[in-house]
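Protein sequence lines correspond, in order, to chains A and B. Taking our numbering, I'd label the letters of the first sequence as residues 79 to 480. Taking our numbering, I'd label the letters of the second sequence as residues 1476 to 1652. Where a beta carbon is used, it is the ideal one built from N, C-alpha and C, also for glycine. No experiment lies behind these values; they were computed from the predicted model shown. Below is one structure, written out as structure tokens; comments come after it.
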Amino acid sequence: MDTLLSRYRNITVLLLVIFAQMVLLAYQVKNGSDVRLIRVWAVTAVTPFARVIEGARGGTQGFLQNYVFLRDSRAENERMRTELGRLKLENQFLKTELATADRAKALQAFQQRSLSKMIGARIIATATGASASAVFVDRGTTSGIEKGMAVVTPDGIVGKVLAAYPTASQVLLATDPSFAAGVVSQKNHVRGILKGLGHGNCRVDYVQNEEKVETGEWFYTSGDDRLFPKGMPVGQVTAARPGNPFQDINVDPAGLAGGLEEVLIILEGVHQEIPDLKTSSEPVYLAPPLPSTSGNTQPAGDPSASTGGAPNTPTLSTDADRLRTHYQDVSDAQNHKFGDNPVGSKAVNFNLPVNPGDKPAAPKTQAPPAAGAAQPAAQKSKPPADAPAQPQTPPAPKPQAQ
Amino acid sequence: MRYSDEHSLMYSQRDTQISRFKAWVLLLVPLAAILFQVYIPLFFQFLAYLELPLIVTVYFALMRRSPIGGLFVGALVGLAQDSLSKNPLGMFGITKTIIGYVAASVGLRLDVDHPLIRLILGFFFFVLHQFIFWALSRGLLAQQVAFETQRTLVLGLLNAIVAVSLFHFLDKLKERA
Chain A
79 MDTLLSRYRN
89 ITVLLLVIFA
99 QMVLLAYQVK
109 NGSDVRLIRV
119 WAVTAVTPFA
129 RVIEGARGGT
139 QGFLQNYVFL
149 RDSRAENERM
159 RTELGRLKLE
169 NQFLKTELAT
179 ADRAKALQAF
189 QQRSLSKMIG
199 ARIIATATGA
209 SASAVFVDRG
219 TTSGIEKGMA
229 VVTPDGIVGK
239 VLAAYPTASQ
249 VLLATDPSFA
259 AGVVSQKNHV
269 RGILKGLGHG
279 NCRVDYVQNE
289 EKVETGEWFY
299 TSGDDRLFPK
309 GMPVGQVTAA
319 RPGNPFQDIN
329 VDPAGLAGGL
339 EEVLIILEGV
349 HQEIPDLKTS
359 SEPVYLAPPL
369 PSTSGNTQPA
379 GDPSASTGGA
389 PNTPTLSTDA
399 DRLRTHYQDV
409 SDAQNHKFGD
419 NPVGSKAVNF
429 NLPVNPGDKP
439 AAPKTQAPPA
449 AGAAQPAAQK
459 SKPPADAPAQ
469 PQTPPAPKPQ
479 AQ
Chain B
1476 MRYSDEHSLM
1486 YSQRDTQISR
1496 FKAWVLLLVP
1506 LAAILFQVYI
1516 PLFFQFLAYL
1526 ELPLIVTVYF
1536 ALMRRSPIGG
1546 LFVGALVGLA
1556 QDSLSKNPLG
1566 MFGITKTIIG
1576 YVAASVGLRL
1586 DVDHPLIRLI
1596 LGFFFFVLHQ
1606 FIFWALSRGL
1616 LAQQVAFETQ
1626 RTLVLGLLNA
1636 IVAVSLFHFL
1646 DKLKERA
């Protein structure tokens, strides 16, 4: 037995080590949890080195940029300041503008502007594996970071905290295939689920083909996932086409454009409204309404006709409008209010003229012109003789003997 | 000559070729390789395709010529890599355990000091690594990932070229007999 074991010692150890790791793997997959201790050790061992290297790189780069590469330009700038006093103020102004445009300042400004409570973080490493869409940031549980917190930039969402360790946190980027977030389109408020594609772009899933999504339209977080607060920009639609069973919508994530250096982690999210489209508030040109060319287009009960006809008063155009206005005038003339009269009171006589000079309305197709302004209007521009006569009054009930 | 004598002789000859390293080399080189993988791609994204932890594992396994030592180096480097990835612990661990074992077994039978042999081995172990990882992802995690053969072969060649250069550098860290 001993000889057998010693002969197959290598393969036995190999199988044991693989078996132990498979048990570890199975435990994680089955429980959906992680063996946190091992990760904490590894992250705590590696991230301080990454932090030191990043600090050294930043310091070296800053030194080179500030003292070596810009030595001549700084001296030149000093000369210009001395010689051109007028440009001093302008230079100062531009410097302020540049400083405001600086990414860190922009982050800070966004942080102050936003209602959500956020904390800034710097990316110090990427996750291992060539296709890994995850990074490490230099904020951990000691800074109040917890698993599942949203990570954003002023441009848009970046991802979510996958794991928080004492000195650092791992952030799953929005481009990872396992990432998902609830989103809603800006224009038509179409809801969907944002998912990563594993490379630069994302897609929006579960949008019915009947829903209208346009290329160039913005998607915002919907807040439904309880991960990102509502109203954070996500990205612009680069392509939207019908698919089976849902639309194929590609989105370019705005938060990941142009490389990541600093991010904000949302500690306490506050939902915000999705901004309206700018185009909706812009004035829209409307052509002037059609001119009333003849008296027969002016109904008898038209308010503009009975009151002298203000030029800007919109003319009623449909038969239903004319009928309603006529009934209103008839009821007003008889001091009748629809819906307010007690039961048993006298009904409105629709055959009585509205004004003393008016004739009772009759169900004729060629009625006489109405009183008031309709008459002069008819005199000013007479319709062609062969023009079809239009009814000016609604078909009234048959005259009753009173 | 009996089998056991022949066996002993073969291994004793190989034993004379076993390379030894100082403890700090065994500790710092894999750590540096992992640091390289997590930090450098921040600035040079194409370098994410360089599997330095794998190259280092293969090197130590080949040079130490001990299957058990090789598999443990592979397991530790792989688990450290897993800890810094989004994968469950064990994916890189199992992969590199197998790689470490196979590399050490190959090291017992081949002259691994020749650059051409190193180039071929570097290519072979990269492809094998990618294949095992792909098989584990599909088999154990039920992930529907595709094995990109063409891409793997090209990356394998690039990693092999880097491996030859790195092996040459790491040879200088060997303890002299």
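*Buried or exposed (CB count within 10 angstroms, at least 16 for buried), S84 (chain A)*: exposed
Problem set entry | Terminal residues of the beta strand (DSSP E) in which M1538 (chain B) lies | Careful: M1538 (chain B) lies outside any beta strand (DSSP E), inside the alpha helix (DSSP H) at 1527-1539.
Q. Using a beta-carbon distance cut-off of less than 9 Å, what residues from the stretch 1552-1570 of chain B approach chain A?
A. Listed in chain order, the positions of the stretch 1552-1570 of chain B with a beta carbon within less than 9 Å of a beta carbon of chain A are G1553, L1554, A1555, Q1556, D1557, S1558, L1559, S1560, K1561, N1562, P1563, L1564, G1565, M1566, F1567, G1568, I1569.
- request: Can you give me the start and stop residues for the alpha helix (DSSP H) that Y1606 (chain B) sits inside?
  value: One detail in the question is off: residue 1606 (chain B) reads as Phe in this sequence, not Tyr. Note, F1606 (chain B): alpha helix (DSSP H), 1590-1614.
Item to check | Cβ pair count under 8 Å reaching 3, the stretch 320-327 of chain A against the stretch 242-249 of chain A | outcome: no
Query raised in the report: Shorter than 7 Å from the beta carbon of L103 (chain A) to some beta carbon of chain B?
Result: yes
- Query: Is the CB-CB distance between A205 (chain A) and L1559 (chain B) below 7 Å?
  - Reply: yes
Any beta carbon from chain A within less than 7 Å of L1484 (chain B)'s own beta carbon? In this prediction, L1484 (chain B) has a pLDDT of 46, which is less than 50 and means its spatial position is unreliable; what the coordinates show is noted afterwards. No, L1484 (chain B) lies away from the interface with chain A (no Cβ there is under 7 Å from its Cβ).
Taking the straight line between their C-alpha atoms, what separation do you get for T231 (chain A) and A332 (chain A)? 9 Å
Would V348 (chain A) count as contacting chain B if we go by Cβ distances under 7 Å? no
Under 8 Å by beta carbon: chain B residues contacting V107 (chain A): P1563, L1615, L1616
Item to complete: Return the residues of the stretch 1496-1514 of chain B that lie within a Cβ-Cβ distance of less than 7 Å from chain A, sorted by chain order.
Response: Residues I1509, L1510, Q1512, V1513, Y1514.
task = Report the partner residues of L251 (chain A) according to the DSSP bridge assignment.
result = A:G237
Taking the C-alpha atoms as reference points, what is the distance between T1570 (chain B) and L1630 (chain B)? 18 Å
**Request:** For L1546 (chain B), decide whether its Cβ has a neighbour in chain A, counting only Cβ atoms nearer than 7 Å.
**Result:** Closer than 7 Å: yes.
Would you call S111 (chain A) buried or exposed, if buried means 16 or more other Cβ atoms sit within 10 Å of its Cβ?
exposed
For F297 (chain A) and chain B, any beta-carbon pair shorter than 7 Å? no
Counting only Cβ pairs nearer than 8 Å, list the residues of chain A close to I1636 (chain B). Here the premise fails: no neighbours, minimum Cβ distance about 17 Å.
Q.
Using C-beta distances below 7 Å, list every residue in its chain close to D330 (chain A), excluding the 5 sequence neighbours before and after it, in chain order.
A. N279, G313, Q314, T316, listed in sequence order.
Any contact of the stretch 338-354 of chain A with the stretch 217-236 of chain A, i.e. 3+ C-beta pairs under 8 Å?
yes
ask   = If you draw a straight line from the alpha carbon of F257 (chain A) to that of D302 (chain A), how long is it in whole angstroms?
value = 15 Å
**Asked** Relative to the C-alpha of Q189 (chain A), which residue among A:M310, A:N413, A:D326, A:Q406 is closest?
**Response** A:M310
Margin query: Is L94 (chain A) a contact residue of the ligand GDP, with contact defined as CB to any heavy atom under 6 Å?
Written below: The ligand GDP is not part of the structure shown, which contains no ligands of any sort.
By a C-beta neighbour count over all protein chains shown, 10 Å radius and 16 as the cutoff for buried, is V1620 (chain B) buried or exposed? exposed
Which residues of chain A have a Cβ atom closer than 7 Å to the Cβ of I1543 (chain B), listed in chain order?
-> N88, V91
Can you pull the chain A residues whose beta carbon is under 8 Å from the beta carbon of T1572 (chain B), in chain order? L92, V95, I96, Q99
| query | From the beta carbon of M1476 (chain B), is the nearest beta carbon of chain A less than 7 Å away? | reply | Interpretation of M1476 (chain B) is limited by its pLDDT of 47, a score under 50 that renders its predicted location unreliable; the figure taken from the coordinates is listed afterwards. So no, M1476 (chain B) is outside the interface.
Going along chain A in order, which residues have a C-beta closer than 7 Å to the C-beta of P1516 (chain B)?
Around P1516 (chain B), the beta-carbon contacts reaching into chain A at under 7 Å are T204.
Residue from A:V239, A:V213, A:T253, A:N287 whose Cα sits closest to the Cα of G276 (chain A)
Per the C-alpha coordinates, the member of A:V239, A:V213, A:T253, A:N287 positioned closest to G276 (chain A) is A:T253.
Local Cβ density within 10 Å of D397 (chain A), reported as buried at 16 or more and exposed below that
exposed
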